[in-house]
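Q:
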Amino acid sequence: MKAWVVRRLGGPETMRFEDVDESTPLDGMVRIAIKASAINYFDALMVAGQYQTKPELPFVPGVEISGVVEAAPAASALKKGDRVAALLDSGGLTRGGYAEVGDAAPGAVHPIPDGMPFDDAAAFTLIYQTAWFGLHRRANLQSGETLLVHAGAGGVGSAAIQLGKVAGATVIATAGSDEKTAVCMQLGADHAINYKTHDFADEVKSLTGGHGADVIFDPIGGDVYDRSTKCIAFEGRIVVVGFTSGRIPQAATNHVLVKNYSVVGLHWGLYSKRAPELLPAANKALLDLYASGKIKPLISARVPLSEAPSALAMVAGGKSTGKIILTI
Ligand SMILES: NC(=O)c1ccc[n+]([C@@H]2O[C@H](COP(=O)([O-])OP(=O)(O)OC[C@H]3O[C@@H](n4cnc5c(N)ncnc54)[C@H](OP(=O)(O)O)[C@@H]3O)[C@@H](O)[C@H]2O)c1
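FYI, the numbering used here numbers position 222 of the sequence shown as 207, with every residue one higher than the one before it.
1) Less than 8 Å separating the beta-carbons of Val225 and Val189?
2) Pro294 to Phe27, Cα distance in whole Å?
3) Could you pull out every unbroken beta strand (DSSP E) segment of at least 3 residues lying fully inside the segment 56 to 106, listed in chain order?
4) Report yes or no: do the segment 112 to 132 and the segment 73 to 85 share at least 3 C-beta pairs separated by less than 8 Å?
5) Would you list the one or two residues that DSSP bridges to Ala160?
6) Give me the Cα-Cα distance between Asp273 and Asn239, rounded to the nearest whole angstrom.
7) Would you check whether ligand 1 has a heavy atom nearer than 7 Å to the C-beta of Ala124?
8) Is there at least one non-hydrogen atom of ligand 1 closer than 7 Å to the beta-carbon of Thr9?
9) Please check the pair Ile97 and Leu311, which I expect to be a contact at CB under 8 Å, by giving their CB distance rounded to whole angstroms.
10) With the cut-off set at 8 Å, would you say Ala124 and Arg222 are in Cβ contact?
11) Just checking my contact of Ala(-12) with Val5 at CB under 8 Å: how many whole Å lie between their CB atoms?
12) Rounded to whole angstroms, what is the Cα-Cα separation between Pro91 and Ala56?
13) Where does the unbroken alpha helix (DSSP H) through Thr238 begin, and where does it stop?
14) Identify every run of the alpha helix (DSSP H) within the segment 250 to 312, keeping only runs that are complete inside it and at least 4 residues long; order them along the chain.
15) Evaluate Thr131 with the Cβ neighbour count: other Cβ atoms within 10 Å of its Cβ, from every protein chain shown; 16 or more gives buried, anything less gives exposed.
16) For the segment 33 to 52 against the segment 67 to 78, are there 3 or more C-beta pairs whose distance is under 8 Å?
17) Flag Ile205 as yes when its Cβ comes closer than 7 Å to any non-hydrogen atom of ligand 3, and as no otherwise.
18) Mapping DSSP to helix, strand and coil, what is Ile24?
19) Roughly how many whole angstroms lie between the Cα atoms of Leu255 and Ala106?
20) Should Gly142 be labelled buried (16 or more other beta-carbon atoms within 10 Å of its own) or exposed?
21) Can you give the Cα-Cα distance for Asp88 and Gly231, rounded to whole angstroms?
22) Does the distance between the C-beta of His183 and the nearest non-hydrogen atom of ligand 1 fall short of 7 Å?
23) When DSSP builds the beta bridges, which residues end up paired with Arg16?
24) Relative to the C-alpha of Ala236, which candidate in Arg287, Val209, Gln147 and Ala298 has its C-alpha closest?
25) Between Ala301 and the rest of its own chain, which residues show a CB-CB distance below 6 Å, the 5 nearest in sequence each way excluded?
26) What first and last residue would you give for the beta strand (DSSP E) that runs through Gly221?
27) To test your reading of the DSSP string, which unbroken alpha helix (DSSP H) runs of 4 or more residues are found completely within the segment 179 to 214?
28) Could you tell me the boundaries of the beta strand (DSSP E) in which Val(-10) lies?
29) Which residues bound the beta strand (DSSP E) around Leu133?
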């Protein structure tokens, strides 16, 4: 099978498109013929060796896929031909998503509804689960509150806009260009601010009559986090989701005290280890919202597997909107 292999760490261009021997499925794993593979921002960090998870070299990047089961362990309740979505762990040459075939742990594989296309299924889990756990579990977002979503045209940001509207919040989004703010509005945001040309903290205060945002969903960090502390509401919650700006901000605890707000961290991947019992209910709620047409992943491009490096470079450079899907 063909797969993109990382043999040395670096930019997306260091990956090599190789023939990989996939003849033996790994013991106890589900073998999946991959149909669609989502590109995530952290794939680029992993390829560069800058992510918290550092697979041994060589490895195939990509963690989020959909496809058809080719073989499954008897105890797994999955069978050949099942349409599934799965999270892979990029450990070895048949466990990454930038490939034609992947092996996943049975617990990380779940069937997808008949009417769900493979590209939606590949784009679905990480962005919506991250937004769901961030907004509901960590920030306890309430109907009627104001939610500020940074990088609203990005993967997790686009999901947070949609889920914020479903929850009954007024959603203000920020993005780094006018094209991206237009995308935020199409996703359902009530207001969208180009944070490169406008001071979003002033705008949020003005839009909320001085109250500020009750919940701030922040995948960017850096200056965006610092400025968010200027428009967080009394008893507001800032959800720390990521640091695409490249700078990990420092929380000033005196400011947290003086303004009565909370800074809460979100590491969605940890739920599968520390509280896996929470995941199926979230998955069901999200699939129900998808089935009723209330949420749908924004897929801005579908590109062949052979073009993975340029697609990954787009995402790493903050040039993409929503999700880019590799098709196989
Ligand atoms: N905590 C968790 O459990 C969890 C789960 C999934 C993802 N994440 C993290 O969430 C973050 C966003 O992921 P994503 O998949 O939504 O990424 P994405 O689709 O690539 O969106 C990220 C956005 O960040 C903004 N950005 C600002 N400065 C940037 C820079 N220097 N380089 C690149 N982008 C920059 C860009 O939007 P603008 O142009 O609008 O600024 C970009 O579109 C990542 O850090 C990812 O690792 C965290």
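A virtual CB, placed ideally from N, CA and C, is assigned to each residue, including glycine.
A: This is what the structure holds:
1) Against the sequence shown, residue 225 aligns to sequence position 240. Against the sequence shown, residue 189 aligns to sequence position 204. Contact flag unset, no.
2) Locating residue 294 in the sequence shown gives position 309, where the first residue counts as 1. Locating residue 27 in the sequence shown gives position 42, where the first residue counts as 1. Near 14 Å, if we compare the C-alpha coordinates of Phe27 and Pro294.
3) 68 to 72, 86 to 89 and 94 to 96
4) no
5) Numbered from its first residue, the sequence shown carries residue 160 at position 175. DSSP lists Asn179 as partners of Ala160.
6) Position 288 of the sequence shown, counted from the start, is the residue given in the question as residue 273. Position 254 of the sequence shown, counted from the start, is the residue given in the question as residue 239. About 42 Å.
7) Within the sequence shown, residue 124 is the residue found at index 139, counting from 1. Because no heavy atom of ligand 1 lies under 7 Å away, the Cβ of Ala124 does not count as near it: no.
8) As a first step, residue 9 must be located in the sequence shown, where it is residue number 24. Answer for Thr9: no, Cβ out of range of ligand 1.
9) Within the sequence shown, the letter at position 112 stands for residue 97. Within the sequence shown, the letter at position 326 stands for residue 311. With 8 Å as the limit, Ile97 and Leu311 do not qualify as a contact, their Cβ atoms being about 17 Å apart.
10) By one-based count along the sequence shown, residue 124 stands at place 139. By one-based count along the sequence shown, residue 222 stands at place 237. Taking 8 Å as the Cβ cut-off, Ala124 and Arg222 qualify as a contacting pair.
11) In the sequence shown, counting from the first residue as 1, residue -12 sits at position 3. In the sequence shown, counting from the first residue as 1, residue 5 sits at position 20. About 5 Å separates the two Cβ atoms, so the contact holds.
12) Along the sequence shown, one-based indexing puts residue 91 at 106. Along the sequence shown, one-based indexing puts residue 56 at 71. Those two C-alpha atoms are separated by around 11 Å.
13) Taking the first residue of the sequence shown as 1, we reach residue 238 at position 253. Element bounds for Thr238: Thr238 to Lys244.
14) 256 to 259, 264 to 276 and 293 to 301
15) Position 146 of the sequence shown, counted from the start, is the residue given in the question as residue 131. Its Cβ being crowded by 16 or more others within 10 Å, Thr131 is buried.
16) yes
17) For ligand 3, the structure offers nothing, since it holds only ligand 1.
18) Position 39 of the sequence shown, counted from the first residue, corresponds to residue 24. Coil, per DSSP.
19) Taking the sequence shown and counting its residues from 1, the one referred to as residue 255 is at position 270. Taking the sequence shown and counting its residues from 1, the one referred to as residue 106 is at position 121. Their Cα atoms are separated by approximately 21 Å.
20) One-based indexing of the sequence shown puts residue 142 at position 157. Buried, since its Cβ has 16 or more Cβ neighbours within 10 Å.
21) Start at 1 with the first residue of the sequence shown, and residue 88 comes out as number 103. Start at 1 with the first residue of the sequence shown, and residue 231 comes out as number 246. Looking at the two C-alpha atoms, the distance is approximately 32 Å.
22) Residue 183 sits at position 198 when you count from the first residue of the sequence shown. Outside the cutoff, so no.
23) Counting from 1 along the sequence shown, the entry for residue 16 is found at position 31. DSSP, once it has assigned bridges, lists Ala56 and Asp88 as partnering Arg16.
24) For the purposes of this step, residue 236 is taken as the residue at position 251 of the sequence shown. It is Val209 whose Cα lies nearest to the Cα of Ala236.
25) Here residue 301 corresponds to residue number 316 of the sequence shown, with the count starting at 1. Result list for Ala301: Ala29, in chain order.
26) Numbered from 1 along the sequence shown, position 236 holds the residue referred to as residue 221. Run containing Gly221: Ile217 to Val225, per the beta strand (DSSP E) assignment.
27) 185 to 192 and 207 to 213
28) Sequence index remark: in the sequence shown, residue -10 carries index 5 (1-based). Counting along the chain, the beta strand (DSSP E) containing Val(-10) begins and ends at Lys(-13) to Val(-10).
29) Within the sequence shown, residue 133 is the residue found at index 148, counting from 1. Where Leu133 is concerned, the enclosing beta strand (DSSP E) stretches over Thr131 to Val134.
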